[in-house]
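Novice: Handing you this structure, nothing more for now.
Protein chains: 2
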Amino acid sequence: MSKLKVLCYSVSIDGFGAGPNQSMDTPMGIGGMTLHGWFLPTKTFQVMHSDMLGGGTTEGTTGVDNDFAVRGFENIGAWIMGRNMFGPMRGQWEDHSWKGWWGNNPPYHTPVYILTHHARPSIEMEGGTTFHFVTDGIEAALKMAKANANGKDIRLGGGTNTIRQYLSSRLVDEMHIAVSPALLGSGESLWRDINLVELGYECVEYVPSEKAAHFVFKQNKKL
Amino acid sequence: MSKLKVLCYSVSIDGFGAGPNQSMDTPMGIGGMTLHGWFLPTKTFQVMHSDMLGGGTTEGTTGVDNDFAVRGFENIGAWIMGRNMFGPMRGQWEDHSWKGWWGNNPPYHTPVYILTHHARPSIEMEGGTTFHFVTDGIEAALKMAKANANGKDIRLGGGTNTIRQYLSSRLVDEMHIAVSPALLGSGESLWRDINLVELGYECVEYVPSEKAAHFVFKQNKKL
């Protein structure tokens, strides 16, 4: 049974998944990059990043952080993400030139379903990634993702607002959060006005590393 | 220079310092006790608890968690706490029989300034603890505490609402938070609508243990 999973999602101690004022220069918002201090040095990220650039690096840290990074890409057959994670522009697409932050060979290698209010033709990228634009809501996107994941799991990439919508509908089966040792003060709060206990979530795993505190939640009251 | 410190303050992953529905039976609110799983087994707590009961235990865990528990009582010359931390009753004092949760010999051994809207005579307890009831606000309480701390630091015990008031006024110099691997879903949120970055706080220390993730913040923009 294909599951919907949030994996490797970094938040600040005060619960923000991204900083304020996302833009072309600050895709994670102001201060947002500090949340990823545990992920960027990992072998998983370093190799992925090098592959995107045509590189061939095999270096990077191993251990707890890399173990979680590896889990983030295991058995994933499709991705879902909000439109703000795909790019910094808002509203109608001015044209179809923007193809994501990730160059010609994005690190997904599966179908990626992008939630948006503004229709756009699918984009086939190198390496097996295809971006599809879904305008009829989160449940429709999940249905399409499951139908095209070859029985594997679906990874919900973010951003915070998209994750909150799926959590509130109890559609997230599993969520791995990395709390990074930083305060953001403002931005997008993952926890605000969401009662995760009432929604059936509980913490089933806690593994600290030197760079982040990793927590895994599971959904036990599926509707 | 005497500092105001929040120490050993436990919160859930979703940022709650206590659960909902505090009462005589559930002084930390529903689910609130799960936040203290790192503190209760420590030698510091075990010895303190045993002393309160006239015991004499010297057992308890040592290591990261106990190190933070020890820091929580080092060089403290006075305490401040909100009235809800002193007891479960609200509004006017029905009588003066309630003397806190802690028996005749509370674990403070200093003056303790309790913020309340309802005046009450001071109570001298065994072991050097005296409870004083302060009705003219957080700054007045801090002034009194500093005047009577013999140059030592002041520990701000809680609860969450009281800590938020002192944080918002930039009066907290240092704050140690232990994030416990639990969700509460509702209750008193430490982070909600407070921009700690704007208020001058930054995370200066992160030490994980098997039972909690410890973070220390310092105030760098004192008014």
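So the protein lines, in turn, are chains A and B. Going left to right, the first sequence walks through residues 1 to 223 as the numbering used here numbers them. Going left to right, the second sequence walks through residues 1001 to 1223 as the numbering used here numbers them. Cβ coordinates follow ideal geometry from the N, Cα and C atoms, glycine included.
1. Is it right to say Pro111 of chain A is buried, meaning 16 or more other beta carbons lie within 10 angstroms of its own, or is it exposed?
2. Quick one: residues in its chain with C-beta nearer than 6 Å to the C-beta of Pro121 of chain A, no 5 flanking neighbours on either side, listed in chain order?
3. Is Gly1019 of chain B closer than 8 Å to Gly1029 of chain B when the C-beta atoms are compared?
4. Answer yes or no: does any C-beta atom of chain A fall closer than 8 Å to that of Trp1079 of chain B?
5. Report the residue ranges of all beta strand (DSSP E) runs contained in full by the stretch 130-209 of chain A; include only those spanning at least 3 residues, in chain order.
6. Exposed or buried, which one is Gly1015 of chain B when buried takes at least 16 other CB atoms within 10 Å?
7. Identify, in the order they occur along the chain, each residue of the same chain with its Cβ nearer than 8 Å to the Cβ of Ser1050 of chain B, setting aside the five sequence neighbours on each side.
8. Closest Cβ-Cβ distance between Ala182 of chain A and chain B: below 8 Å?
9. Interface residues of chain A around Leu1196 of chain B at Cβ under 8 Å?
10. Show which residues of chain B have a CB atom less than 7 Å away from the CB atom of Ala213 of chain A.
11. With DSSP as the reference, label Gly971 of chain B as helix, strand or coil.
12. Is the CB of Trp191 of chain A under 8 Å away from at least one CB in chain B?
13. Spatial neighbours of Gly1063 of chain B within its chain, please: CB distance less than 8 Å, with the 5 preceding and 5 following residues excluded, ordered by chain position.
14. With Ser50 of chain A as the anchor, note down where its beta strand (DSSP E) starts and where it stops.
15. Whose Cβ in chain B lies nearer than 8 Å to the Cβ of Cys203 of chain A?
16. If we require 3 or more residues per run, which beta strand (DSSP E) segments fall completely within the stretch 74-121 of chain A?
17. With DSSP run on the structure shown, which of helix, strand or coil describes Leu35 of chain A?
18. Pull the bridge partners of Gln1219 of chain B from the DSSP assignment, please.
19. From the DSSP output, which residues share a beta bridge with Leu4 of chain A?
20. Look at the Cβ atom of Gly60 of chain A, then the Cβ atom of Lys43 of chain A, and state whether they are nearer than 8 Å.
21. Using a Cβ distance threshold of 8 Å, determine whether the stretch 103-118 of chain A contacts the stretch 76-85 of chain A, with at least three qualifying pairs required.
22. Would you say Ile1194 of chain B and Gln1165 of chain B are within 8 Å of each other, going by their C-beta atoms?
23. Looking at chain A, is there any beta carbon in it that lies within less than 8 Å of the beta carbon of Phe1045 of chain B?
24. Chain A partners of Phe1217 of chain B, CB-CB under 9 Å?
25. How is Ala1018 of chain B classed by DSSP in three states: helix, strand or coil?
26. Could you give the first and the last residue of the continuous alpha helix (DSSP H) run that contains Asp1067 of chain B?
27. With a Cβ-Cβ cutoff of 8 Å, do Lys221 of chain A and Glu174 of chain A count as a contact?
28. Determine the closest residue to Glu205 of chain A out of B:Gly1185, B:Glu1202, B:Pro1181, B:Val1207, with distance taken between C-alpha atoms.
29. Within a Cβ cutoff of 6 Å, which residues of the same chain sit near Tyr108 of chain A, ignoring the five residues on either side of it in sequence?
30. What does the alpha-carbon distance come out to for the pair Met144 of chain A and Gly1072 of chain B?
31. What number of angstroms, rounded off, separates the C-alpha of Leu190 of chain A from the C-alpha of Asn1105 of chain B?
32. If we ignore side chains and look at the alpha-carbon of each, how far apart do Ser169 of chain A and His1176 of chain B end up?
33. In terms of alpha-carbon separation, which member of A:Gly91, A:Glu198, A:Phe215, A:Ala178 lies closest to Phe39 of chain A?
Specialist: Working from what's here:
1. buried
2. none
3. yes
4. no
5. 130-134, 153-158, 174-179, 201-208
6. buried
7. Gly1056, Thr1057
8. yes
9. Asp14, Leu183, Gly185
10. Val1179, Pro1208, Ala1213
11. This structure gives no information on residue 971 of chain B, because the portion of chain B shown stretches from 1001 to 1223.
12. yes
13. Ser1209
14. Run containing Ser50 of chain A: none in the beta strand (DSSP E); it sits in the alpha helix (DSSP H), 43-52.
15. Ile1013, Pro1181, Ala1182, Leu1183
16. 76-82, 111-115
17. helix
18. B:Tyr1201
19. A:Ile154
20. yes
21. yes
22. no
23. no
24. Ile13, Leu183
25. strand
26. 1064-1071
27. no
28. B:Pro1181
29. Trp79, Thr129
30. 53 Å
31. 42 Å
32. 34 Å
33. A:Ala178
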